[in-house]
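A quick write-up on the structure given underneath.
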Amino acid sequence: MKPAVILYKSLPDDLRRQLDTHFHVTEVKDVSPETVRQHADAFAQAEGIIGSGGKVDDALLSQMPALRACSTVSVGYDNFNVDALNQRKVLLMHTPTVLTETVADTMMALVLSTARRVAELDKWVKEGNWKKSIGPDLFGTDVHHKTMGILGMGRIGLALAQRAHFGFGMNILYNARRQHEEAENRFQARACDLETLLKESDFVCISLPLTEQTHHMIGAAQLQLMKPGAILINAGRGPVVDEQALTAALKAGTLLAAGLDVFEVEPVPAEAEILTLPNVVALPHIGSATHETRYGMARDAVENLIAALTGTPDKNCVNPQVLR
Ligand SMILES: NC(=O)C1=CN([C@@H]2O[C@H](COP(=O)(O)OP(=O)(O)OC[C@H]3O[C@@H](n4cnc5c(N)ncnc54)[C@H](OP(=O)(O)O)[C@@H]3O)[C@@H](O)[C@H]2O)C=CC1
Ligand SMILES: O=CC(=O)O
């Protein structure tokens, strides 16, 4: 008999067929308590789940006694309680690497759009304001040859550094838990503590995961340390930045601008004050959202689940220790 799995994200047809070949699939809209109640038997029997978003916590796991593997269509896994998975010996698989370059492109797009006021001036032109040559009140700030400080020199941080260093001649600073020789050798990146990075960077770019340690890593005190006229980019996770403190810093003019692909609450409420600020470029969590990359992520997630439940998973495991 094929193992039963829960699918909580729609997949391209060919990938859905691949999943059906290996598993008895129940497709649901999400993994909320209400959905679990509606499909209690399917959740109780499922040996695997595949999808993205939604909390996979102890409460959900207690409804899934047969669960052996989770496959998330994302690299970030802050929505999973990994300790609870470990206790139950449930393997968690994710999709690193396939999305790295695309997310770095998105971050570079935020750097350029904030510095050169692309979104703000696009709106300004379309509203019919362009009557004569613009003056200094609408000028932007240079990107090339400035200093970019990267928080989190992992896969995405490295790909961003490559773009910034080779494409824009930028100096690279970074903060991570360990030393990154590749970044230092290829881009002359300099490791520094958080305070130094904030004080010296023209662009502070966040490609950190959300953990207990990174939650509100950037708050009012850290924003105060940033150079006057500096720009903050966040494509890691919203709660890494205290959004209220960021809003205050942007309103006070301490920071020139912010480019945000992620927010503390997603979708960000339409009435959020941060969205009223012209110097904020806001994106709806599209870091990896190209046709090619989203397909690649879904493909990897399907392959991850097949490997986890029917073969030997040899890559993309978050907690490989549960296999021992
Ligand atoms: N906006 C979007 O659509 C997307 C967002 N993301 C986010 O980006 C994150 C990073 O992805 P990726 O680059 O692949 O992950 P990696 O694991 O390769 O890199 C994470 C980096 O963060 C660093 N880090 C983690 N904790 C700390 C800490 N407490 N202090 C300092 N540095 C820390 C790590 O340091 P060290 O190297 O020393 O271990 C590492 O350099 C994801 O977890 C996800 O949240 C990812 C994809 C798309
Ligand atoms: O935010 C997206 C991810 O893949 O993580």
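In terms of full-length UniProt numbering, the sequence shown opens at residue 1 and continues consecutively.
Where is the CB? At the ideal position from N, CA and C, for every residue including glycine.
I want to check one thing, is the minimum distance from the CB of Ser-74 to the heavy atoms of ligand 2 below 6 Å? Position 74 of the sequence shown holds residue 74. Indeed, a heavy atom of ligand 2 lies less than 6 Å from the Cβ.
Which residue wins for smallest C-alpha separation from Gln-213, given the options Phe-187, Ile-231, Ser-113 and Arg-237? Position 213 of the sequence shown holds residue 213. Ranking the options by Cα distance to Gln-213, first place goes to Arg-237.
Just tell me which of Lys-315, Gly-287, His-215 and Pro-269 has its CA closest to the CA of Asp-78. Residue 78 sits at position 78 when you count from the first residue of the sequence shown. The shortest Cα separation from Asp-78 among Lys-315, Gly-287, His-215 and Pro-269 belongs to His-215.
What runs of the alpha helix (DSSP H), each 4 residues or longer, lie entirely inside the stretch 8-71? Considered as a whole, the stretch 8-71 harbours 13-22, 33-38, 40-45 and 58-62 as its complete alpha helix (DSSP H) runs of no fewer than 4 residues, in chain order.
In whole angstroms, what is the alpha-carbon distance linking Arg-17 and Val-302? The residue labelled residue 17 in the question sits at position 17 within the sequence shown. The residue labelled residue 302 in the question sits at position 302 within the sequence shown. Here the alpha carbons of Val-302 and Arg-17 stand approximately 10 Å from one another.
Between Thr-147 and chain C, is any beta-carbon pair separated by less than 7 Å? Of the protein chains in this structure there is only one, and it is not chain C.
Using the Cα positions of Phe-43 and Arg-88, report the straight-line distance between them to the nearest angstrom. Translated into the one-based positions of the sequence shown, residue 43 becomes position 43. Translated into the one-based positions of the sequence shown, residue 88 becomes position 88. If you draw a straight line from the Cα of Phe-43 to the Cα of Arg-88, it is about 16 Å long.
At a cut-off of 6 Å, would you count Ile-156 as near ligand 1, judging by its Cβ distance to the nearest heavy atom? Numbered from its first residue, the sequence shown carries residue 156 at position 156. A distance criterion of 6 Å places the beta-carbon of Ile-156 in contact range of ligand 1, judged by its closest non-hydrogen atom.
Could you check if Ile-134 is buried or exposed, using at least 16 other CB atoms within 10 Å of its CB as the buried criterion? What you label residue 134 is simply residue 134 of the sequence shown in a count that begins at 1. Flag for Ile-134 reads exposed.
If you drop the 5 nearest sequence neighbours on each side, which residues of the same chain put their C-beta closer than 7 Å to that of Pro-96? As a working mapping, residue 96 is identified with position 96 in the sequence shown. Excluding positions up to five away in sequence, the list reads Val-75, Arg-155 and Asn-316.
Less than 6 Å between the CB of Leu-208 and some heavy atom of ligand 1, yes or no? The residue you call residue 208 lines up with position 208 of the sequence shown. Leu-208: yes, Cβ under 6 Å from ligand 1.
Run of the alpha helix (DSSP H) containing Phe-187, from where it starts to where it stops: Mapped onto the sequence shown, residue 187 falls at position 187. It spans 181-187 - the alpha helix (DSSP H) in which Phe-187 sits, taken as one unbroken run.
For Thr-196, which of Leu-151, Lys-2 and Val-318 has the nearest alpha-carbon? Taking the sequence shown and counting its residues from 1, the one referred to as residue 196 is at position 196. Ranked by how close their Cα comes to the Cα of Thr-196, the residues Leu-151, Lys-2 and Val-318 have Leu-151 in first place.
For Gly-140, I'd like the list of residues in its chain whose CB is within less than 7 Å of its CB, leaving aside the five on either flank, ordered along the chain. For this step, residue 140 is matched to residue 140 along the sequence shown. The answer, listed in chain order, is Ala-115, Arg-116 and Arg-117.
Would you call the CB atoms of Asn-81 and Asp-57 closer than 7 Å? Here residue 81 is taken as the residue at index 81 of the sequence shown, counted from 1. Here residue 57 is taken as the residue at index 57 of the sequence shown, counted from 1. Less than 7 Å divides the Cβ of Asn-81 from the Cβ of Asp-57.
Give, in chain order, every unbroken run of the beta strand (DSSP E) that is at least 3 residues long and sits entirely within the stretch 90-174. Taking only runs of at least 3 residues, the beta strand (DSSP E) segments lying wholly in the stretch 90-174 are 91-93 and 147-151.
Going straight from the alpha carbon of Glu-264 to that of Ala-272, what length do you get? Position 264 of the sequence shown, counted from the start, is the residue given in the question as residue 264. Position 272 of the sequence shown, counted from the start, is the residue given in the question as residue 272. Near 11 Å, if we compare the C-alpha coordinates of Ala-272 and Glu-264.
Compute every distance between the C-beta of Asp-261 and the non-hydrogen atoms of ligand 1, then say whether any falls below 6 Å. Taking the first residue of the sequence shown as 1, we reach residue 261 at position 261. For ligand 1, at least one heavy atom lies less than 6 Å from the Cβ of Asp-261.
Does at least one heavy atom of ligand 1 sit under 6 Å from the Cβ of Ala-176? Here residue 176 corresponds to residue number 176 of the sequence shown, with the count starting at 1. In this structure, Ala-176 has its beta carbon less than 6 Å from a heavy atom of ligand 1.
On the DSSP letters alone, give me the boundaries of the beta strand (DSSP E) that Val-82 sits inside. Locating residue 82 in the sequence shown gives position 82, where the first residue counts as 1. Not the beta strand (DSSP E): Val-82 falls in the alpha helix (DSSP H), residues 82-87.
If you drop the 5 nearest sequence neighbours on each side, which residues of the same chain put their C-beta closer than 8 Å to that of Leu-112? Within the sequence shown, the letter at position 112 stands for residue 112. Around Leu-112, the same chain offers Val-118 and Val-143 as residues with beta carbons nearer than 8 Å, after the five sequence neighbours per side are excluded.
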